[in-house]
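Everything on this sheet refers to the single structure shown next.
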Amino acid sequence: MLFFVLSTMICWNTSGQRIVIQQSIRLIDSMPNFPQGFKMKDWKDIAVKQDALLYNFNAEGRFLPAIWWDSSYTNFPERAFGLPSYIGSLRGKGSDYESLPVMGSIIGATLAGIDKSNVNGIDFVRTCKQFYNKKNGEGLVLNSVDRKTGNSFWYDIFPGIAFAMIVDKYPEEKKLKEIMQWNAAKWIEAIKNLSQDGYSDFNYTAYDFQTHKGIFNRKWHEPDAAAGLAWIEFAAWKSFGDSSYYKAFKSCMDFLQLRKAKEGPYYELLMPYGAYLSVRSNAEYGTHYDELKMLNWCFDGNNSDRDGWGVITGKWNGRGVDGLVGQKKYEQYAFAMNTFSQAAALVPIVKYNAAYARTIGKWVLNMANSCRLFYADEHPKNRQSSSLWQGDPQHVICYEGLRKDLDHGNNFKVFKGILSDEGPYAIGDQVKNQTAFTDICPYGSAWVGILAGIIDTTNVRGILKLNCNATDFFSDNQFPSFLLYNPYKERKTVAISVGKEDINIYDKVTKSFIKRNVHGNVPVTLQRDNAVCLVLIPASMRTYINGNKLKADNHVIDYLY
Numbered sequence: 064m065l066f067f068v069l070s071t072m073i074c075w076n077t078s079g080q081r082i083v084i085q086q087s088i089r090l091i092d093s094m095p096n097f098p099q100g101f102k103m104k105d106w107k108d109i110a111v112k113q114d115a116l117l118y119n120f121n122a123e124g125r126f127l128p129a130i131w132w133d134s135s136y137t138n139f140p141e142r143a144f145g146l147p148s149y150i151g152s153l154r155g156k157g158s159d160y161e162s163l164p165v166m167g168s169i170i171g172a173t174l175a176g177i178d179k180s181n182v183n184g185i186d187f188v189r190t191c192k193q194f195y196n197k198k199n200g201e202g203l204v205l206n207s208v209d210r211k212t213g214n215s216f217w218y219d220i221f222p223g224i225a226f227a228m229i230v231d232k233y234p235e236e237k238k239l240k241e242i243m244q245w246n247a248a249k250w251i252e253a254i255k256n257l258s259q260d261g262y263s264d265f266n267y268t269a270y271d272f273q274t275h276k277g278i279f280n281r282k283w284h285e286p287d288a289a290a291g292l293a294w295i296e297f298a299a300w301k302s303f304g305d306s307s308y309y310k311a312f313k314s315c316m317d318f319l320q321l322r323k324a325k326e327g328p329y330y331e332l333l334m335p336y337g338a339y340l341s342v343r344s345n346a347e348y349g350t351h352y353d354e355l356k357m358l359n360w361c362f363d364g365n366n367s368d369r370d371g372w373g374v375i376t377g378k379w380n381g382r383g384v385d386g387l388v389g390q391k392k393y394e395q396y397a398f399a400m401n402t403f404s405q406a407a408a409l410v411p412i413v414k415y416n417a418a419y420a421r422t423i424g425k426w427v428l429n430m431a432n433s434c435r436l437f438y439a440d441e442h443p444k445n446r447q448s449s450s451l452w453q454g455d456p457q458h459v460i461c462y463e464g465l466r467k468d469l470d471h472g473n474n475f476k477v478f479k480g481i482l483s484d485e486g487p488y489a490i491g492d493q494v495k496n497q498t499a500f501t502d503i504c505p506y507g508s509a510w511v512g513i514l515a516g517i518i519d520t521t522n523v524r525g526i527l528k529l530n531c532n533a534t535d536f537f538s539d540n541q542f543p544s545f546l547l548y549n550p551y552k553e554r555k556t557v558a559i560s561v562g563k564e565d566i567n568i569y570d571k572v573t574k575s576f577i578k579r580n581v582h583g584n585v586p587v588t589l590q591r592d593n594a595v596c597l598v599l600i601p602a603s604m605r606t607y608i609n610g611n612k613l614k615a616d617n618h619v620i621d622y623l624y
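For the sequence shown, our numbering begins at 64 and goes up steadily by one.
See below:
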């Protein structure tokens, strides 16, 4: 039984523990609790089938097979493999490909349950070492096997994040772990060189490791580089324990902490990783980063250099697009990879602070529902740019993005008279720019395994079970952890499968054990428009309080007990 002290709006459970008051992220408040026209794709099925298509060396059809071997041995005397950023890309094969679709396909497939280190005896994971650019002297994991820094922070930083994610999932790949450490150590040089009087300044477009200086292209800044580098250095510190990585992480986070709330730094897809770290570091290490400021930056779109970049709400010509990530003010253009990536970064925050359980659960429900619009089978042929390509009859590789209309994009008038006068449109930039024959986009689609790893449905339509451990990299994932949000106006009971062994179920929101000594399918009741954050603990384990943490067998159950 719970009881409430209404005069102070504080809620307590029967054990005297304070129930977590839910915090709102501003933009998510404007989304519907239950998406209109709700339809949830089977994300694991899509990810598994996409993997089978992308990795089929014998696939037949136009622009197939997608995959090829790279025997250039650019950085190591081993072959690698390439995938096109877009189906029908005019880029050559050989060693001319980007690392992000390759590493995204490995991460996505792994999160969907596929071991990419042993596919019919082939270890695709180890080939990623080729993205460590040592031959050209850069000494960094970058977006190709031969790339120079200095053009864009996010293109130079995100490959290192992806690489570290792979290391987390395949710790037995010792060479990759070594490269991860080299990459993090090299970026410390940039962080130091961008610092004055003890404070780092990331108000640049990029950093050039040849000149050892920050670069401003006189067009835009990418200050959320601080968030991406903070993640790389934090992961290195957790992996290797060297305090230099923690110092670099702190320097990056301090830049974000000192930045004014009205000066949103979100440029592309790095800022959510900094927001995640603000919540995790506050819980694990007692720091005092402004979590809500950084989380709101990831959604609002009020950014100093890329105004309107954030999370989209509302309807485009009658179709709900709530939760997608992209440009929402001017071009009105959502992108698949950015949306999948933001889910990877933000779903785990509820493990560290359950005050965000309701708002994150509500966003993911809307986002996952809207993500179906990236796929060809959700549109008539005259509302997509590449319907003529027939190489993906199951529609498991998605488009680069979704546009509200064709009026705001440069040269999108090329589609006038071909596409419908009314969108939204499944589309991309490649066909209009004549750099690929299709806008079907492994570059972004490969990452759909993030949704496969996180999202599962339940026996109640619209109530999702979100795996909070799936993308919580370099963390203590000893106990299964799930977020469930009830969008309905009345209580709902869902059945949760917990396995054959007896377990206890702890809810971080009410800070109480809601079930003890249970197994099999367990009914869990959710209050209306509310969420639970469940941790499954073996019933045989003794739980105890250590400071402000609830633990079992030296593993944390609740960081804020």
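Even glycine gets a Cβ: it sits at the ideal position worked out from N, Cα and C.
For Tyr330 and Arg369, believed in contact at Cβ under 8 Å, the rounded distance: 5 Å
Straight-line gap, Lys495 to Leu146 (C-alpha atoms, nearest Å): 21 Å
Inter-residue spacing [alpha-carbon to alpha-carbon] between Thr588 and Lys555: 6 Å
Those residues which DSSP pairs with Leu482 across a bridge: Lys479
Closest by C-alpha distance to Lys232, when choosing among Ala397, Asp535 and Phe542: Asp535
Residue range of the unbroken beta strand (DSSP E) whose run includes Arg579: Ser575 to Val581
Member of Val585, Lys467 and Lys240 whose CA lies at the smallest distance from the CA of Ser483: Lys467
Cβ-based burial, Asn359 [other Cβ within 10 Å; buried from 16]: buried
Tyr419 versus Val410: straight-line alpha-carbon distance, rounded: 9 Å
For Ala408, the nearest candidate out of Ser433, Phe362, Ser449 and Gln390 (CA to CA): Phe362
Simplified DSSP assignment, three categories, for Ala172: helix
Proximity test, Cβ basis, 8 Å: Pro128 and chain B: The chain labelled as chain B is not found in the depicted structure, where only one protein chain is given.
Sequence-distant residues of its chain with Cβ nearer than 6 Å to Lys577 (five each side left out): Here residue 577 turns out to be Ile, not Lys, going by the sequence shown. Once the five neighbours on either side are set aside, the close Cβ partners of Ile577 are Ile568 and Asp570.
Limits of the alpha helix (DSSP H) - the one that Cys361 falls within: Glu354 to Asp363
Beta-carbon spacing of Leu116, Phe221 below 8 Å: no
Pro586: first and last residue of the uninterrupted beta strand (DSSP E) it sits in: Asn584 to Leu589
CB contact flag (Gly512, Thr173, <8 Å): yes
Candidates Thr376, Asn183 and Ala293: closest to Leu319 by CA position: Ala293
The alpha helix (DSSP H) enclosing Asp114, as first and last residue numbers: Trp106 to Leu117
Beta-carbon gap between Ser314 and Ser263 smaller than 8 Å: yes
Pairwise C-alpha distance: Pro328 and Ser344: 20 Å
Rounded separation between Gly277 and Lys301 - CA only: 27 Å
Cut-off 6 Å between Cβ atoms - residues of its own chain near Ser544, not counting five sequence neighbours on either side: Lys414, Cys531, Asn532 and Val598
Own chain partners of Val342 with C-beta closer than 6 Å, once the 5 adjacent residues on each side are dropped: Glu354, Ile412, Tyr415 and Asn416
Spatial neighbours of Lys356 in its chain, beta-carbon cut-off 8 Å, leaving aside the 5 residues before and after: Ala324
Residue(s) in a DSSP beta bridge with His618: Ala615
Segment limits, alpha helix (DSSP H) that includes Tyr309: Ser306 to Leu321
Stretch-stretch touch, CB-based, cutoff 8 Å, three pairs: the segment 178-190 with the segment 198-214: no
Whole-angstrom distance between Gly583 and Ser134, CA atom to CA atom: 50 Å
Nonlocal neighbours in the same chain, by C-beta distance under 6 Å from Met228, ignoring five residues either side: Ile170 and Phe536
Outcome for Asn401 when other beta-carbon atoms lying within 10 angstroms are tallied against a minimum of 16: buried
Boundaries (first-last residue) of the beta strand (DSSP E) holding Thr556: Lys555 to Ser560
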